[in-house]
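Report on the following structure.
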Amino acid sequence: MQYSIQPVAYVNNNRKEIADDNWGSILSTIELAENINTSSLKGINEFSHLEIIFYFDKVSDHQIQYEARHPRNNQAYPEVGIFVQRGKNRPNKLGVTMVELVDVKERALIVKGLDAIDGTPIIDMKPVMKEFLPKGEVRQPNWSISLMENYWGD
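If you read the sequence shown in numbering that gives the first Met the number 0, its first letter stands for residue 0, the second for the next number, and so on.
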């Protein structure tokens, strides 16, 4: 079974190449696709953060990972499955990130912390609501803390 999904918006920022780190201060403009009505953004300014679902369109089919591997191909990290990583070489090429909403324009959103490069298609956007955040302690292995050490920092 296959699905057809059309982008609702596109990313505009100064990050032209895929990079592993330093996404935290990146300001991006999310510009609505021409066929998306501006009223789709009505009320979004009442939220501080958004969840952005995007498509890794620069990942070729031969780059897709279906088996376990070392994150970032770093042998210091354990071999783990693709669904235990947040890397771009995923079977369906989907990325998900929570961003800070900085400003709202007529057909665009200015956001901070979107780890997607210029031109990336946006599949969907949702407001972040406390009720959807994890309850209780969030647990993760030490290797993932090391891996993410510079991801958001500059």
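A virtual CB, placed ideally from N, CA and C, is assigned to each residue, including glycine.
Check your understanding: If you drop the 5 nearest sequence neighbours on each side, which residues of the same chain put their C-beta closer than 6 Å to that of residue 31?
Key -> Taking residue 31 as the centre and dropping the five residues before and after it, the same chain places the C-beta of 8, 106 closer than 6 Å to its C-beta, in chain order.
Review point. Candidates 142, 28, 14, 104: which alpha carbon is nearest residue 69's?
Key: With distances taken between Cα atoms, residue 69 lies closest to 142.
Exercise for review: Throw me the rounded Cβ distance for the residue 125 and residue 45 pair, which I believe falls under 8 Å.
Suggested key: Residue 125 to residue 45, Cβ: 14 Å. No contact.
**Study point:** Given residue 78 as reference, the closest of 66, 89, 85 once Cα atoms are compared
**Key:** Ranking 66, 89, 85 by CA distance to the CA of residue 78 puts 66 first.
Check your understanding: Which full runs of the beta strand (DSSP E) of 3+ residues lie inside the stretch 79-147, going along the chain?
Key -> 93-103, 107-111, 120-126, all fully within the stretch 79-147.
Review point. By a C-beta neighbour count over all protein chains shown, 10 Å radius and 16 as the cutoff for buried, is residue 108 buried or exposed?
Key: It is buried - the Cβ of residue 108 has at least 16 other Cβ atoms within 10 Å.
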